[in-house]
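S.K.: Protein chains in written order, with UniProt numbering: chain A, 1 to 105; chain B, 1 to 105.
From the three backbone atoms N, C-alpha and C, an ideal C-beta is built for every residue, glycine too.
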DNA sequence: ACTTACAGTTAGATATGACTTACGGAGTTG
DNA sequence: CAACTCCGTAAGTCATATCTAACTGTAAGT
């Protein structure tokens, strides 16, 4: 059930952009917001959502807060995904077979 | 970039419920909507979004349309996820190391 | 042909969510 | 302690998405 917040969090393009910026390593808020289309407070709000989803974690460092990608949220997504992956392939295979069978008749 | 629509599609709880109902195999719309909190037209709208995201595919069967999970959309999500997975673990490891290092001092 | 079953579409109301501006708090430096 | 930096929060506005209700279209049965 916890994968729900993760999907919701990563649905917004701006929020995905925030998350993806952490792909190159931990960063303070100001550096994340640098050059983005939205204001810094907006980035803070997005980080709050990402944190609630377990996608990022933070720790203070002087007057700044350093944000890092958290495996926890990604793990939830990955587990959910795996539940459907094999099944999706199986469905696809059966579908394709039924189609070629039909073409033959 | 195509993983964006997939995330957006799976963000809505109702839409995820629709998608997950296809986990037990292909189904017509009426059967998907059976016992759900929303109306059948709502389910149709959700299926439309899921189809646009490449998460489901459909084919007519008499007066009914059978929907099936499509691996395509899941593939996009999986690829995106893998780009961050290893990195997240590495960041987490470094973070944990820095923490224990700090505790020792 | 008429009726019934099943599903997609449209229009409109409502709700949810993202953004900016302004402010407050916590830490650091002089 | 005063000024400065960095960041989170609150209030308010605006846009977008979801829902229901009514309608249309299509296929099958009588």
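Look at residue 78 (chain B) and residue 50 (chain A) and say whether their C-beta atoms are less than 7 Å apart.
M.R.: Residue 50 (chain A) sits away from residue 78 (chain B), with the two beta carbons spaced by 7 Å or more.
S.K.: Over what stretch of residues does the alpha helix (DSSP H) that includes residue 41 (chain B) continue unbroken?
M.R.: 40-52
S.K.: For residue 39 (chain A) and residue 53 (chain B), what's the separation of their Cα atoms in angstroms?
M.R.: 30 Å
S.K.: Using a beta-carbon distance below 7 Å, is residue 85 (chain A) in contact with chain B?
M.R.: Judged by the 7 Å Cβ criterion, residue 85 (chain A) is in contact with chain B.
S.K.: Beta-carbon within less than 6 Å of residue 193 (chain B)'s beta-carbon, same chain only, minus the 5 sequence neighbours each way: which residues are those?
M.R.: Residue 193 (chain B) lies beyond the stretch modelled for chain B, which goes from 1 to 105, so this question has no answer here.
S.K.: Can you list the residues of chain B that residue 11 (chain A) reaches, using a CB-CB cut of under 7 Å?
M.R.: 7, 8 and 11
S.K.: Just list the residues that DSSP pairs residue 67 (chain A) with in beta bridges.
M.R.: A:27 and A:58
S.K.: Looking only at C-alpha atoms, which of B:86, B:71 and B:88 sits nearest to residue 84 (chain A)?
M.R.: For residue 84 (chain A), the closest alpha carbon among the candidates B:86, B:71 and B:88 is that of B:71.
S.K.: My guess is that residue 10 (chain B) and residue 7 (chain A) are in contact by the Cβ rule of under 8 Å, so how many angstroms apart are they, rounded?
M.R.: Yes, residue 10 (chain B) and residue 7 (chain A) are in contact; Cβ-Cβ is about 5 Å, under 8 Å.
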